[in-house]
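These notes concern the structure reproduced below.
In the numbering used here, the protein residues as written are 5 to 289.
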């Protein structure tokens, strides 16, 4: 009888079995974005005032823009463990708030008339431009990895769609006037409309839906429910597991109008075990 019980126990607990979990996660990260493509111009070449006004506050993607911010997120998904192997997939929502730094526009020219009706050539300048960009995105992560000694390592890809976006620009505006009859330009004369570094703010503009594909890496530690957690009569497969991890994501490709993101941050994950069907593991004669 004792021999049969020992065989039964080894058969039940000594084998490798598949465990299924519902995954809940929350993360917070530093976020950086870069515009690899978009509208570009030669900063040394003059442009018309109309062309400059079509750029300022428009929300258009400008080549070379980069910026920093933050990105909290929530996720739900499914995780499978089988021995050391881990598979994870799910659905997440991400809010990304960033401050982009577009190039200054310093060579926009247009003729105008002052309050006395005298013609002048105006130079319009926009400097210290800051674009506050906000996105709400939905993403589909697929991760593979391994777990041993309460340490989990996951790598995979994430398809992200920014379904809502808004951008608002602010900065400093200057207008210099050059007259044929005078040698020096007129500036810092607000009563005549010639201003220097006057703050401006543009109305928020909506951004179009965009997509990006990210490469992802996550390294975490199971601080509850792992091998080091006392069981007190409960099996390893039916206990809630909690992880804290560091992760990084890098946008490999993006659709037209998408800003390629880079995120690095911390994540809390909870695994809720799915019920298993009971089975007899004893020998039958």
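Idealized CB from N, CA, C, for every residue including glycine.
Can you check which of these residues, 148, 154, 65 and 99, is closest to residue 226 by C-alpha distance?
It is 154 whose Cα lies nearest to the Cα of residue 226.
In three-state terms, what does DSSP make of residue 67?
Reduced to three states, the DSSP call for residue 67 is coil.
Run through the DSSP bridge pairs and tell me what residue 277 is partnered with.
Beta-bridge pairing links residue 277 to 25.
Let me see if you follow: with CB-CB separation under 8 angstroms, is residue 43 close to chain C or not?
Chain labels in this structure do not include chain C; a single protein chain is all it has.
Taking 7 angstroms as the limit between beta carbons, can you name the residues of its chain near residue 160, skipping five residues before and five after?
Excluding the 5 residues flanking it on each side, residue 160 has same chain C-beta neighbours closer than 7 angstroms at 145, 146, 147, 148 and 220, in chain order.
Give every residue of the same chain whose Cβ lies closer than 8 angstroms to the Cβ of residue 82, excluding the five residues on either side of it in the sequence, and list them in chain order.
Same-chain partners within the cutoff: 24, 25, 26, 27, 92, 93 and 94.
Length-filtered (3 minimum) beta strand (DSSP E) runs lying within the region 71-136:
Entirely contained in the region 71-136, the beta strand (DSSP E) runs reaching 3 residues are, in chain order, 89-104 and 109-117.
Report the rounded CA-to-CA distance for residue 268 versus residue 79, giving the unit in angstroms.
Near 16 angstroms, if we compare the C-alpha coordinates of residue 79 and residue 268.
Could you say which of 156, 67 and 125 lies nearest to residue 273 if we only look at CA atoms?
The alpha carbon of residue 273 has as its nearest neighbour, out of 156, 67 and 125, the alpha carbon of 156.
For the beta strand (DSSP E) containing residue 253, list its first residue and its last residue.
The continuous beta strand (DSSP E) containing residue 253 extends over residues 245-258.
Own chain residues within Cβ distance below 7 angstroms of residue 223, not counting five before or after
The answer, listed in chain order, is 157, 249 and 250.
Considering Cα atoms alone, identify which of 187, 243 and 260 is closest to residue 280.
Relative to residue 280, the option among 187, 243 and 260 whose CA is nearest is 243.
Can you tell me where the beta strand (DSSP E) holding residue 221 begins and where it ends?
Segment 214-228, the beta strand (DSSP E) holding residue 221.
Alpha-carbon to alpha-carbon, residue 152 and residue 32:
Each residue's CA atom was taken as its position, placing residue 32 and residue 152 some 25 angstroms apart.
Going along the chain, which residues of its own chain have a beta-carbon closer than 7 angstroms to the beta-carbon of residue 40, five neighbours each way excluded?
If the five residues before and after residue 40 are omitted, its C-beta is found closer than 7 angstroms to the C-beta atoms of 264, all from its own chain and listed in chain order.
Report yes if the C-beta distance between residue 198 and residue 258 is below 8 angstroms; otherwise report no.
Between residue 198 and residue 258, the C-beta gap is not smaller than 8 angstroms, which leaves the two residues out of contact.
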